[in-house]
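Right, one structure below, let's go through it.
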Amino acid sequence: MRTSVTVFPFDLFGSAGTGAGAQALGDAVREILDDTEAETRPCRADCLRGNVDVQEFAFETVARVRAWRKTGREAARRALKAGDFHLWLGGNHLSVLPVYDELGRGDCVVQFDAHLDVYDFHDTTTELSHGNFLYHVDGPLPRIVNVGHRDLFLTPAGLAVTFEAVHSAHDVATNADRIAEQLRAATATANRVWIDIDADAFDPAAMPAVLQPLPFGLAGPTFLKLLDAAWSDRVVGVSISEFAPSADSRDTSLNLLGWLVEFLLLRAHGG
Ligand SMILES: [Mn+2]
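Just so you know, we're using our numbering here: the sequence shown kicks off at 64 and counts up by one.
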């Protein structure tokens, strides 16, 4: 088993500053690998030795910004083709669009997000943004199952165009076991499963470092239960986005996401 990590700090068209979050999580991965390398006693992270590659992109020139989606799609295509486990550390949620572009109709995305990114209100832009990017996926949409949204506006009929299912934070709070069962069933029939974590899926008390916080979000233990339900050997990758370090409080969010990144690496590698 090998893991490739893509650090993709794109954060235009919404949540400026989340690119720094992607870079911070990329640093966390390198620190995990360096610490493992330096460790002389047996440790669970031994399974990571020599098996994790990190590729970091930068968007510091106009040419690189202009090519962001092409660059992202090439990276996502390579990762999906290689058969490795993949960790995509993105800036804003839009930075994960290239992964959606490369997934196919038979694939299933389990998406933890406070928002259902299909917003086209009277006061939102019709152009591509982090709030409507699911309208802009190129090619056939993968099956998308949202977990943890707090939307109070969109209608079931409207949502059914994009989502196979949506499980609100209220549903999670009142019946996590049923949702876990539904996640097991949905992912069991997928070719591949991608787990897409927008940091604002968590409750803001646990994850203050987001720029569009909504209350009544997922608690850590419930998130782990539902992550576990979605997990199988069909999972080919996980993305994490929307972490804005400038809004963090005493590194609460950095600690949560840093732990989660290490947990995911160990889980993927059987550690
Ligand atoms: Mn969101």
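Glycine residues also receive a C-beta, built at the ideal position from the N, C-alpha and C atoms.
beta-carbon residue i near ligand 1 non-hydrogen atom, thresh 6 Å
i, result
"residue 261", "yes"
"residue 177", "yes"
Per-residue burial, residue i [other beta carbons within 10 Å of its own, 16 or more giving buried]
i, result
"residue 287", "exposed"
"residue 169", "exposed"
"residue 123", "exposed"
"residue 96", "buried"
"residue 257", "buried"
"residue 281", "buried"
"residue 294", "buried"
"residue 265", "buried"
"residue 206", "buried"
"residue 161", "buried"
"residue 99", "buried"
First and last residue of the uninterrupted beta strand (DSSP E) at residue i
i, result
"residue 209", "206-212"
"residue 148", "148-153"
"residue 300", "298-304"
"residue 397", "Only positions 64 to 334 of the chain appear in this structure, which leaves residue 397 out of reach."
"residue 190", "Per DSSP, residue 190 belongs to no beta strand (DSSP E) and is neither H nor E."
"residue 119", "115-119"
"residue 263", "Looking at the DSSP string, residue 263 is not in any beta strand (DSSP E), and its letter there is neither H nor E."
Anticipated Cβ contact below 8 Å, residue i with residue j, distance rounded
i, j, result
"residue 145", "residue 67", "7 Å"
"residue 196", "residue 260", "Contact flag wrong, Cβ pair sits at about 15 Å."
"residue 236", "residue 213", "Not a contact, Cβ separation roughly 11 Å."
"residue 165", "residue 140", "5 Å"
"residue 226", "residue 209", "6 Å"
Simplified DSSP state of residue i, which is helix, strand or coil
i, result
"residue 272", "coil"
"residue 230", "strand"
"residue 67", "strand"
"residue 175", "strand"
"residue 277", "coil"
"residue 181", "coil"
"residue 256", "strand"
"residue 329", "helix"
Where the alpha helix (DSSP H) through residue i begins and ends
i, result
"residue 24", "Outside the displayed range of the chain (64 to 334) lies residue 24, so it cannot be described from this structure."
"residue 92", "81-101"
"residue 128", "125-129"
"residue 289", "283-293"
"residue 222", "219-223"
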